[in-house]
Amino acid sequence: MKNKNSDLFFKNIRKDFPILDQKINGHQLIYSDNGATTQKPIKVIDSICDFYKNDNSNVHRGIHTLSERATDMYENVRIKVANFINSNKEEIVFTYGTTSSFNILAKGIEDQISEGDEIVLSQMEHHANIVCWQELAKKRGAILKFIPINKDFRLDLKEAEKIITQKTKIVAISHISNVLGTITPAKKICSIAHKYGAYFVLDCAQSIVHMKVDVKEIDCDFIAFSSHKMFGPTGVGVLYGKSNLLEKLKPSIFGGDMIYEVSFTCSTYNKSPYKFEAGTPNIEGVIGFGAAIDYLNEIGMDNIELREKELCEYFLGKVSEVKDLKIYGPNSCNDRSCIFSFNIDGIHSHDMSTLLDMKGIAIRGGHHCAMPLHTLLELPSTSRISLCFYNTFEEIDKIVLALKNAKKDYEKGEFLLK
Ligand code: C6P
Numbered sequence: 291m292k293n294k295n296s297d298l299f300f301k302n303i304r305k306d307f308p309i310l311d312q313k314i315n316g317h318q319l320i321y322s323d324n325g326a327t328t329q330k331p332i333k334v335i336d337s338i339c340d341f342y343k344n345d346n347s348n349v350h351r352g353i354h355t356l357s358e359r360a361t362d363m364y365e366n367v368r369i370k371v372a373n374f375i376n377s378n379k380e381e382i383v384f385t386y387g388t389t390s391s392f393n394i395l396a397k398g399i400e401d402q403i404s405e406g407d408e409i410v411l412s413q414m415e416h417h418a419n420i421v422c423w424q425e426l427a428k429k430r431g432a433i434l435k436f437i438p439i440n441k442d443f444r445l446d447l448k449e450a451e452k453i454i455t456q457k458t459k460i461v462a463i464s465h466i467s468n469v470l471g472t473i474t475p476a477k478k479i480c481s482i483a484h485k486y487g488a489y490f491v492l493d494c495a496q497s498i499v500h501m502k503v504d505v506k507e508i509d510c511d512f513i514a515f516s517s518h519k520m521f522g523p524t525g526v527g528v529l530y531g532k533s534n535l536l537e538k539l540k541p542s543i544f545g546g547d548m549i550y551e552v553s554f555t556c557s558t559y560n561k562s563p564y565k566f567e568a569g570t571p572n573i574e575g576v577i578g579f580g581a582a583i584d585y586l587n588e589i590g591m592d593n594i595e596l597r598e599k600e601l602c603e604y605f606l607g608k609v610s611e612v613k614d615l616k617i618y619g620p621n622s623c624n625d626r627s628c629i630f631s632f633n634i635d636g637i638h639s640h641d642m643s644t645l646l647d648m649k650g651i652a653i654r655g656g657h658h659c660a661m662p663l664h665t666l667l668e669l670p671s672t673s674r675i676s677l678c679f680y681n682t683f684e685e686i687d688k689i690v691l692a693l694k695n696a697k698k699d700y701e702k703g704e705f706l707l708k
């Protein structure tokens, strides 16, 4: 289909995702938990099966044909990822996901942090971008500071200007909050960080699949993201770092493939990115990830962004009709994504998840691995709907109808029988 921007195109695209064609509790599945993980198109699934059927071998080790083929396929994905974010292939470290990328980074940078140095995060971070820095701060005597959010659920830039100072060594924020959906002004915060010589780290776990991420344009020093949130397999992620900065990072996982030379007494390490990829990697995962990137490129990130903006506007318009529902996040689709965390007075988020599941609608309930943010907002938990391009306007209508009926259904208590 030529017009990759039309509603019809995106409705047809659903055929690429076999899992979407099923009933849950007697209703057509509406998968709206894409912030947790996305579904996989048949091309990704097939690429993994084909690899095992035809090409399976270890990488970087054998001299035989299969191993050389597997190595080429694996390294080719590194190039695809580099092109996807406008970087060089040497700057792409394959990891096991965003969390593992952050751990490799925080451990690797340890030697560059001294007592009294400051690490600036924001109040809307996922635990993956908090806990590893807390560990680093404890070890090195560094101090963590947090850019506050304002009442519109956006980062307070005036406060950011005050918090980031000569003492700041690292500024690490999420590009899109996995709770609020807020798109943060990455370029602006990066320039404040660089003014003081601090590293700028961007958590792209929630942004990479919804908008074009260009590391050169933003001038990021490091970014992290996961394949499974971009229609690829689980167990694969990326740590991007500028070449000279990756060279300065220490590896923290040791063993085969990350070395240059090993004796009984000491070892020297391979160059980046290989010094961070010890042991046999998730080869079939990386191959599937490559197929996911091809798939995204075929649709076009511009088309995806446009489609999701339309879904965002439609959702916010429709959901405003639901009584007693509060959304935690910006109300303009210009600086938010299709992640909508909400509560309806009197219904716990876990009950809300069960209520909607009874109608075939998959959402997430809880603290979404962002406990500090929930504590700040004085919320024990929230319900979260997260949409992507394969969701439809008709699905939004059904979700909103279910939300309108939620109180009535809740009071009937039928969901308790589940
Ligand atoms: N958020 C969610 O439902 P992993 O689990 O390593 O692939 O990604 C961690 C992570 C880091 N940063 C952000 C902003 C994230 O949203 C996530 C994962 C999922 O919101 C699972 S908790």
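What the sequence shown shows, in my numbering, is residues 291 to 708, in sequence order.
We put the CB at the ideal spot given by N, CA and C, even for glycine.
Next on the checklist: Measuring only from the beta carbon, is G569 closer than 7 Å to any heavy atom that is part of ligand 1?
Outcome noted: For this step, residue 569 is matched to residue 279 along the sequence shown. For ligand 1, not one heavy atom lies less than 7 Å from the Cβ of G569.
Next on the checklist: Could you pull the DSSP bridge partners for L434 from this structure?
Outcome noted: On the sequence shown, residue 434 is found 144 positions in, with the first residue counted as 1. In DSSP, L434 forms a bridge with I409.
Checklist entry - Is T472 closer than 8 Å to G619 when the C-beta atoms are compared? => result Residue 619 sits at position 329 when you count from the first residue of the sequence shown. Residue 472 sits at position 182 when you count from the first residue of the sequence shown. Taking 8 Å as the Cβ cut-off, G619 and T472 qualify as a contacting pair.
Checklist entry - Can you pull every residue whose C-beta falls closer than 5 Å to some heavy atom of ligand 1, listed in chain order? => result G325, A326, G387, T388, T389, H416, A418, S464, N468, D493, A495, Q496, S516, H658 and C659
Item to check | Sub-8 Å separation of I686 and F605 beta-carbons | outcome: Position 396 of the sequence shown holds residue 686. Position 315 of the sequence shown holds residue 605. Yes. Within cutoff.
Next on the checklist: Runs of 4 residues minimum, wholly inside the segment 630-664: which ones carry the alpha helix (DSSP H) assignment?
Outcome noted: 639-647
Checklist entry - So who's on the other strand from Q318, going by DSSP bridges? => result What you label residue 318 is simply residue 28 of the sequence shown in a count that begins at 1. Partner(s): K313.
Checklist entry - Distance, Cα to Cα, E408 vs I549? => result Here residue 408 corresponds to residue number 118 of the sequence shown, with the count starting at 1. Here residue 549 corresponds to residue number 259 of the sequence shown, with the count starting at 1. When rounded, the distance between both Cα atoms is 32 Å.
Checklist entry - If we call anything under 8 Å between Cβ atoms a contact, is T570 one with N346? => result Here residue 570 refers to the residue found at position 280 when the sequence shown is read from its first residue. Here residue 346 refers to the residue found at position 56 when the sequence shown is read from its first residue. Their beta carbons are not under 8 Å apart, which means T570 does not touch N346 by this criterion.
Next on the checklist: Using a Cβ-Cβ cutoff of less than 7 Å, which residues in the same chain neighbour L663 once the five nearest sequence positions on both sides are dropped?
Outcome noted: The residue you call residue 663 lines up with position 373 of the sequence shown. Excluding positions up to five away in sequence, the list reads Q413, M414 and V469.
Checklist entry - Where DSSP assigns a beta bridge to D323, which residues make up the other side? => result Here the question's residue 323 lines up with position 33 in the sequence shown. DSSP, once it has assigned bridges, lists S676 as partnering D323.
Checklist entry - When the Cα atoms are used, what is the spatial distance from C480 to S562? => result Numbered from 1 along the sequence shown, position 190 holds the residue referred to as residue 480. Numbered from 1 along the sequence shown, position 272 holds the residue referred to as residue 562. Computed Cα separation, rounded: 24 Å.
Item to check | Collapsed DSSP secondary structure at S557 in the structure displayed | outcome: The residue labelled residue 557 in the question sits at position 267 within the sequence shown. Strand.
Checklist entry - Which parts of the segment 489-553 are runs of the alpha helix (DSSP H), unbroken and 4 residues or longer, counting only runs that do not cross its ends? => result 505-508 and 533-538
Checklist entry - For the 8 Å Cβ check, are there 3 or more pairs between the segment 528-547 and the segment 388-408? => result yes
Checklist entry - Apart from the five residues just before and just after G636, which ones in its own chain have a Cβ nearer than 8 Å to its Cβ? => result Here the question's residue 636 lines up with position 346 in the sequence shown. Contacts found: D614, K697 and Y700.
Next on the checklist: Alpha carbons only, please: which of S322, K343 and F443 is nearest the one belonging to L666?
Outcome noted: Within the sequence shown, the letter at position 376 stands for residue 666. Comparing Cα positions, the closest option is F443.
Checklist entry - Looking only at its own chain, which residues have a Cβ that is under 7 Å from the Cβ of I338, when we skip the five neighbours before and after it? => result Within the sequence shown, residue 338 is the residue found at index 48, counting from 1. Correct list, in chain order: P523, E574, I577 and G578.
Item to check | Entirely enclosed alpha helix (DSSP H) segments - the segment 365-403, minimum 4 residues | outcome: 388-398
Next on the checklist: Suppose you measure from the CA of T558 to the CA of F544; what does that come to, to the nearest Å?
Outcome noted: Translated into the one-based positions of the sequence shown, residue 558 becomes position 268. Translated into the one-based positions of the sequence shown, residue 544 becomes position 254. Spanning the two alpha carbons is a distance of roughly 11 Å.
Checklist entry - Around the C-beta of K649, are 16 or more other C-beta atoms found within 10 angstroms, so that it is buried, or is it exposed? => result The residue given as residue 649 occupies position 359 in the sequence shown. Its Cβ being crowded by 16 or more others within 10 Å, K649 is buried.
Item to check | Own chain, CB closer than 8 Å to N378, minus 5 neighbours either side, in chain order | outcome: On the sequence shown, position 88 is the one that residue 378 refers to. Cβ neighbours of N378 beyond the five flanking positions: A372 and S533.
Checklist entry - T555: buried (16+ other C-beta within 10 angstroms of its C-beta) or exposed? => result For the purposes of this step, residue 555 is identified with residue 265 of the sequence shown, where counting begins at 1. Under this definition T555 is an exposed residue.
Next on the checklist: Going by C-alpha to C-alpha distance, which of I453, A418, G406 and C422 sits closest to A432?
Outcome noted: Counted from its first residue, the sequence shown places residue 432 at position 142. The option with the nearest alpha carbon to A432 is G406.
Checklist entry - Mapping DSSP to helix, strand and coil, what is A462? => result Locating residue 462 in the sequence shown gives position 172, where the first residue counts as 1. Of the three classes helix, strand and coil, the one that applies to A462 here is strand, per DSSP.
Next on the checklist: So if DSSP puts L445 in a beta bridge, which residue, or which two residues, is it bridged to?
Outcome noted: Taking the first residue of the sequence shown as position 1, residue 445 is located at position 155. According to DSSP, which records beta bridges pairwise, L445 is partnered with I439.
Checklist entry - Helix, strand or coil: which one does DSSP assign to T472? => result On the sequence shown, position 182 is the one that residue 472 refers to. The answer is strand: DSSP assigns T472 an E or B state.
Checklist entry - Taking C-alpha atoms, which residue in F515, I651 and F374 lies nearest to T682? => result On the sequence shown, residue 682 is found 392 positions in, with the first residue counted as 1. When only C-alpha atoms are compared, the closest one is I651.
Checklist entry - Exposed or buried, which one is K448 when buried takes at least 16 other CB atoms within 10 Å? => result Position 158 of the sequence shown, counting from 1, holds the residue named residue 448. Burial call: exposed.
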